[in-house]
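**Q** Each number in this note's numbering comes from the position in the sequence shown (counting from 1) with 6 added on. Positions of the beta carbon are idealized from the N, C-alpha and C atoms, including for glycine. The structure is given below, and queries will be raised subsequently.
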Amino acid sequence: MIKDKVVIITGASSGIGEATAKELASRGAKVILGARREDKLKKIADDIKAAGGEAIYAALDVTRPESNDAIVKLAKDTYGKVDVIFLNAGIMPVSNVSALKTNEWKQMVDVNINGVLNGVAAVMPIFTAQKSGQVIAVSSVAGIKAYPGTAVYGGTKWFVRDFMECLRMESAMEGTNIRTATLYPAAINTELLDTITDEGAAQGMAGLYAAFGISPERIANVVSFAVDMPEDTTVNEFTVGPAKQP
Ligand code: NDP
């Protein structure tokens with residue numbers, strides 16, 4: 007059941023996070039929106055409330071542990087529990103290794119890996135105490151298959167896959183009833199390509215997305231499916247993308 011679930015969404019200011027927030031709220035969830043661009047979060051929360059839904063927001067930088075702790079505390083203090091954390095924030099400044107964009111490598115590790123770890127660390131004490139909770143994370147098709155240009159981005163997303171599967175197994179063994187779901191999207195039309203600074207990579211990706219990209223609402227549908235699942239069932243992995251993308 008989605009209704010009345012308390013769902014924290016990282017990277018909720020655009021794309022997949024925004025679409026998911028709107029869909030879950032339209033189905034009765036209480037959503038807590040986090041990202042760095044507060045003006046965008048405010049507008050999305052206002053839209054949700056105008057449509058009859060429940061939403062609050064807070065500035066969030068997933069790379070900072072205390073920022074993750076603060077949004078989780080806000081959710082718990084406001085609603086008394088946390089049911090789901092959707093670890094969606096991410097960046098994708100792809101380029102070939104030979105371009106040596108080492109700062110971007112570090113940024114991807116920080117947002118895509120440390121951001122996930124910080125979110126899980128923030129929410130885990132609540133899930134453990136509740137003996138209930140669901141962690142949903144966004145990996146990528148680049149997290150299950152290597153592509154030229156995605157060495158570091160893909161590496162961060164392979165990490166997400168491994169981490170989530172370990173978390174699933176450990177939770178089952180420990181009896182904490184923390185469920186997991188990992189998404190592997192292909193080309194989804196969002197703001198993600200804006201993070202690419204390498205000209206060749208930007209052109210290549212723009213062509214791919216123009217040819218195949220689908221709406222982030224499709225990913226929101228899948229996240230909602232996972233959230234809707236009864237407590238005795240975990241739906242672990244979804245690869246979702248354009249039907250026409252090879
Ligand atoms: P968007 O660029 O539209 O959304 C990314 C979100 O991440 C934004 O809300 C951004 O908000 C947030 N974000 C970035 N850095 C931080 C940070 N340090 N702290 C908090 N929030 C941050 O792209 P998508 O919706 O496509 O991306 C969502 C996820 O999906 C990402 O993890 C991406 O890797 C993954 N993905 C996307 C695919 C696609 O084709 N679009 C394919 C496969 C995976 P703000 O800037 O306001 O902080």
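Thinking C-alpha only, which one of Ala-35, Val-78, Asp-75 is nearest Gly-59?
**A** The candidate whose alpha carbon is nearest that of Gly-59 is Ala-35.
**Q** Can you tell me where the beta strand (DSSP E) with Glu-60 in it begins and where it stops?
**A** Residues 60-65.
**Q** Among Leu-199, Glu-72, Asp-116, which has the Cα closest to the Cα of Phe-165?
**A** Minimum Cα distance to Phe-165 is reached at Asp-116.
**Q** Please report the residue range of the alpha helix (DSSP H) in which Lys-36 lies.
**A** Looking at the DSSP string, Lys-36 is not in any alpha helix (DSSP H); the run it does join, the beta strand (DSSP E), is 36-41.
**Q** On the three-state DSSP scale, how would you describe Leu-189?
**A** Strand.
**Q** Rounding to the nearest angstrom, what Cα-Cα distance links Ser-230 and Asn-109 in this structure?
**A** Roughly 35 Å between the two C-alpha positions.
**Q** Smallest Cα separation from Asp-168: which of Ile-150, Ala-178, Tyr-159?
**A** Checked all of Ile-150, Ala-178, Tyr-159; the closest Cα to Asp-168 is Ile-150.
**Q** How far does the alpha helix (DSSP H) with Ala-217 in it reach, from first residue to last?
**A** From DSSP, the alpha helix (DSSP H) with Ala-217 extends over 205-218.
**Q** Under DSSP, the beta strand (DSSP E) around Ala-249 begins and ends at which residues?
**A** No beta strand (DSSP E) holds Ala-249; DSSP gives it neither H nor E.
**Q** Consult DSSP for Ala-143 and reduce its assignment to one of helix, strand or coil.
**A** In this structure, Ala-143 counts as strand in the three-state DSSP scheme.
**Q** Residue range of the alpha helix (DSSP H) that Val-166 falls in?
**A** That run of the alpha helix (DSSP H) goes 157-180.
**Q** Beta carbon of Ala-51: closer than 7 Å to some heavy atom of the ligand NDP?
**A** Checking every heavy atom of the ligand NDP against the Cβ of Ala-51, none is found closer than 7 Å.
**Q** Verify whether the separation of the beta carbon atoms of Thr-26 and Ile-225 is less than 8 Å.
**A** Result yes, Cβ atoms of Thr-26 and Ile-225 sit closer than 8 Å.
**Q** Where does Ile-97 fall in DSSP's three states?
**A** The answer is coil: DSSP assigns Ile-97 none of H, G, I, E or B.
**Q** Indicate whether Asn-113 and Pro-99 have their beta-carbon atoms separated by less than 8 Å.
**A** Here residue 113 is Gln; the residue named in the question, Asn, does not match the sequence. A contact, by the Cβ cut-off of 8 Å.
**Q** Could you give the residue range of the beta strand (DSSP E) that holds Thr-16?
**A** Thr-16 -> beta strand (DSSP E) spans 12-16.
**Q** Please tell me whether Ala-51 and Leu-39 are closer than 8 Å, where the distance is taken between their beta carbons.
**A** Yes, the pair counts as a contact, with Cβ atoms nearer than the cut-off.
**Q** Across the segment 81-98 and the segment 121-137, are there enough close Cβ pairs to call them in contact, namely three or more that are closer than 8 Å?
**A** Because the criterion of three Cβ pairs below 8 Å is met, the segment 81-98 and the segment 121-137 touch.
**Q** DSSP three-state label for Val-68, please.
**A** Val-68 falls in the coil class under three-state DSSP.
**Q** Just mark Ser-19 as buried or exposed, buried being the case when its beta carbon has 16 or more other beta carbons within 10 Å.
**A** So Ser-19 counts as buried.
**Q** Measuring straight from C-alpha to C-alpha, what distance separates Gly-161 and Ala-148?
**A** In a straight line, the C-alpha of Gly-161 is about 8 Å away from that of Ala-148.
**Q** From Met-170 to Ala-207, what does the alpha carbon distance come to, in whole angstroms?
**A** Their Cα atoms are separated by approximately 29 Å.
**Q** Would you list the one or two residues that DSSP bridges to Glu-243?
**A** Per DSSP, Thr-188.
**Q** Between Lys-9 and the rest of its own chain, which residues show a CB-CB distance below 8 Å, the 5 nearest in sequence each way excluded?
**A** Here the set comprises Arg-33, Gly-34, Ala-35.
**Q** Look up Ile-119 in the DSSP assignment and say whether it is helix, strand or coil.
**A** Helix at Ile-119.
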